[in-house]
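Data first, discussion second: the structure below is written as structure tokens.
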Amino acid sequence: MDVTVFGSGYVGLVTGVCLAEVGNRVLCIDVDPEKIALLNGGGVPIYEPGLEEMVKHNREAGRLSFSTDAEEGVRHGLFQFIAVGTPPDEDGSADLQYVLAVARSIGQHMDTYRIVVNKSTVPVGTADKVAVAVREAQAARGISVELDVVSNPEFLKEGAAIEDFMRPDRIIVGTDNPRTGELLRALYAPFNRNHDRLMLMDIRSAELTKYAANAMLATKISFMNELSNIAEAVGADIEKVRVGIGSDPRIGYQFIYPGCGYGGSCFPKDVRALERTARSLGYDPQLLHAVEAVNFRQKDLLFKKISDYFGGDLAGRTIALWGLSFKPNTDDMREASSRVLMESLWKAGAKVRAFDPVAIPETRRIYGERADLFLADDAESALDGADALAVMTEWSQFRSPSFAALKSKLRTPVLFDGRNILDGRLASAAGLTYVSIGRLPLTPT
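The sequence shown begins at 10 in the numbering used here and counts up one residue at a time.
If you want it as structure tokens, here you go:
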């Protein structure tokens with residue numbers, strides 16, 4: 010099939026390349042000429058395991074192409090995917106300006122039937138706004154061409170996005186037209202062969218499903234972080250509590266890991282947007298507000314632990330950070346806990362030496378060159394001259410360090426584990442003070 014994808018960011022690029030991988034002819038459109046030049050030159054603008062290789066071979070096979078020409082995009086595809094950003098507005102609501110700009114472009118250029126597919130994460134009711142925008146653009150041209158607008162939310166985990174698209178848990182399609190539903194079923198058939206994962210529903214239910222899924226997962230994280238603070242106060246071990254409650258199949262083990270808060274492009278934005286939607290309708294979503302408030306407080310927790318350890322005086326100290334991205338296998342630092350910690354340390358007069366396997370360029374893009382930030386080439390050199398180490402991202406390579414080497418490198422033998430991934434007993438036996446989340450500190454034995 011012929012498919013157009015508007016937006017060549019995270020969702021749009023993964024969507025386009027995966028649809029091309031199964032034989033569709035995909036044209037990705039983006040307004041950023043530098044991004045399109047990069048993609049046409051064989052590069053990719055984001056880090057995602059396997060993505061660059063998949064883009065390369067689908068381009069070489071002639072199934073995947075990139076352009077800035079919106080008119081060409083509208084002519085190309087029966088399916089017009091909208092996969093542009095919906096950044097939070099000042100009041101926390103989703104900013105739909107880019108979604109509606111694409112809708113107007115489609116209306117300005119279409120001359121035959123098109124299926125407009127909302128892939129962007131958008132508030133309930135956005136499909137109606139997209140349909141109005143397309144029809145208004147048509148009316149300005151003095152024409153009326155048939156179209157359908159579909160909600161088809163993405164459920165892609167950064168770091169595992171290609172696997173999630175190629176082998177989805179579910180494919181949600183919201184449409185009021187049975188014919189359109191069958192056309193989407195045909196498009197997604199290659200991803201749906203093992204058993205039927207495609208779920209047809211009304212448009213508004215599909216739009217809400219995306220927000221509901223992310224809000225539920227964020228709720229589990231914040232609930233566990235709330236419990237971790239209680240556990241620490243009463244002298245319990247949150248990791249033992251986690252195993253105890255996770256063994257209940259009604260709860261399960263997923264998303265109940267305590268830590269220093271969630272980040273990324275989805276959970277924070279979507280929880281706030283759903284809360285804003287509820288408030289705009291006169292409903293007070295107390296739980297959603299609490300989820301966000303707990304997460305906001307949790308991101309400050311590691312700084313407080315570091316500050317308390319050093320008696321509230323961090324001026325002139327140097328803190329090493331392992332991990333900068335909000336999670337492993339991505340370079341995404343949007344709302345990452347590492348950023349909150351670094352900015353708090355700088356405000357307190359401390360310096361930072363940091364390492365991340367892939368997010369160093371993104372860190373440099375965000376913060377530029379500054380005297381109080383050294384970006385190391387490897388984890389070991391980040392420790393040079395550091396007073397303490399804070400682990401911020403659960404990258405696999407950080408899980409089994411030489412604690413003896415840490416002890417010899419650090420000016421003060423203290424380790425702050427913001428993700429509870431290290432063995433505190435081994436750290437303590439090596440002469441380190443081990444400070445984690447939801448457990449009492451372990452002192453050298």
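In this text, a Cβ means the ideal position worked out from N, Cα and C, and glycines have one as well. Computed from a predicted structure; not experimentally measured.
Of all the options S334, S214, A299, W355, which has the alpha carbon lying nearest to the alpha carbon of A324? Stepping through the sequence shown from its first residue, residue 324 is reached at position 315. Nearest of S334, S214, A299, W355 to A324, Cα basis: W355.
Identity of the residues DSSP links to R362 by a beta bridge: The residue given as residue 362 occupies position 353 in the sequence shown. For R362, which the question treats as bridged, DSSP gives the partners A329, F383.
Quick check on the DSSP output: the alpha helix (DSSP H) that includes M63 runs from which residue to which? Translated into the one-based positions of the sequence shown, residue 63 becomes position 54. Unbroken alpha helix (DSSP H) run through M63: 60 to 69.
When DSSP builds the beta bridges, which residues end up paired with V20? Taking the first residue of the sequence shown as position 1, residue 20 is located at position 11. None, per the DSSP bridge assignment.
For I55 and G151, what's the separation of their Cα atoms in angstroms? As a position in the sequence shown, residue 55 is number 46, starting the count at 1. As a position in the sequence shown, residue 151 is number 142, starting the count at 1. Each residue's Cα considered, the two are about 41 Å apart.
With DSSP as the reference, label Q147 as helix, strand or coil. What you label residue 147 is simply residue 138 of the sequence shown in a count that begins at 1. Q147: helix per DSSP, three-state reduction.
Based on the DSSP secondary-structure assignment, which residues constitute the bridge partners of T286? By one-based count along the sequence shown, residue 286 stands at place 277. None; T286 has no bridge partner.
Limits of the unbroken beta strand (DSSP E) element including N127: Position 118 of the sequence shown holds residue 127. Its beta strand (DSSP E) spans residues 123 to 127.
Relative to the C-alpha of D104, which candidate in H118, F75, K138 has its C-alpha closest? As a working mapping, residue 104 is identified with position 95 in the sequence shown. Comparing Cα positions, the closest option is K138.
Taking 8 Å as the threshold, find out whether the region 230 to 243 comes into contact with the region 207 to 222 through three or more Cβ pairs. no
Roughly how far, in whole angstroms, is the beta-carbon of A79 from the beta-carbon of I45, given that I think they are within contact range, below 8 Å? By 1-based counting over the sequence shown, the position of residue 79 is 70. By 1-based counting over the sequence shown, the position of residue 45 is 36. 12 Å between Cβ atoms; not a contact.
According to DSSP, simplified to helix, strand and coil, what is S102? Against the sequence shown, residue 102 aligns to sequence position 93. Reduced to three states, the DSSP call for S102 is coil.
Take A395 and list the residues in its own chain whose beta-carbon comes closer than 8 Å to its own, dropping the five residues that flank it on each side. The count along the sequence shown starts at 1 and reaches residue 395 at position 386. Counting only Cβ-Cβ distances below 8 Å, and skipping sequence neighbours, we find T327, I328, A329, R362, K418, L419, R420.
Go through its chain and collect everything with a Cβ distance to I212's Cβ below 7 Å, but skip five positions before and after it. One-based indexing of the sequence shown puts residue 212 at position 203. Counting only Cβ-Cβ distances below 7 Å, and skipping sequence neighbours, we find A136, S160, G183, T184, D185.
What are the boundary residues of the beta strand (DSSP E) that L207 is part of? In the sequence shown, counting from the first residue as 1, residue 207 sits at position 198. It spans 207 to 210 - the beta strand (DSSP E) in which L207 sits, taken as one unbroken run.
Span separating the alpha-carbon of S316 from that of D322: Numbered from 1 along the sequence shown, position 307 holds the residue referred to as residue 316. Numbered from 1 along the sequence shown, position 313 holds the residue referred to as residue 322. Approximately 7 Å between the Cα atoms of the pair.
7 Å CB neighbourhood of D341 in its chain, flanking five on each side removed: Residue 341 sits at position 332 when you count from the first residue of the sequence shown. If we look at D341 and ignore the five residues flanking it on each side, its Cβ neighbours are E167, G273, S274, S334, F335.
Output needed for L207: all residues of its chain with C-beta closer than 7 Å, excluding positions within five of it in sequence on either side, in chain order. Along the sequence shown, read from residue 1 onward, the residue named residue 207 stands at position 198. I180, V182, R194, Y197, N201.
What residue range does the alpha helix (DSSP H) around D1 cover? A query on residue 1 cannot be resolved here, the shown segment of the chain reaching from 10 to 454 and no further.
Over the uninterrupted beta strand (DSSP E) stretch that includes S353, give me the two end residues. Against the sequence shown, residue 353 aligns to sequence position 344. Unbroken run through S353 is the alpha helix (DSSP H), 346 to 356; no beta strand (DSSP E).
Check whether chain D comes within 8 Å of E163, counting only Cβ atoms and requiring the distance to be less than that. No chain D appears in the structure shown, which is made up of a single protein chain.
Cα-Cα separation, S390 to K360: Counted from its first residue, the sequence shown places residue 390 at position 381. Counted from its first residue, the sequence shown places residue 360 at position 351. Distance between the alpha carbons of S390 and K360: 15 Å.
Assigned secondary structure, A438 (DSSP; H/G/I helix, E/B strand, else coil): As a first step, residue 438 is located in the sequence shown; it is residue number 429 there, counting from the start. Residue state, collapsed to three classes: helix.
Local conformation of A414 per DSSP, three classes: Residue numbering aside, residue 414 sits at position 405 when the sequence shown is read from its first letter. Of the three classes helix, strand and coil, the one that applies to A414 here is helix, per DSSP.
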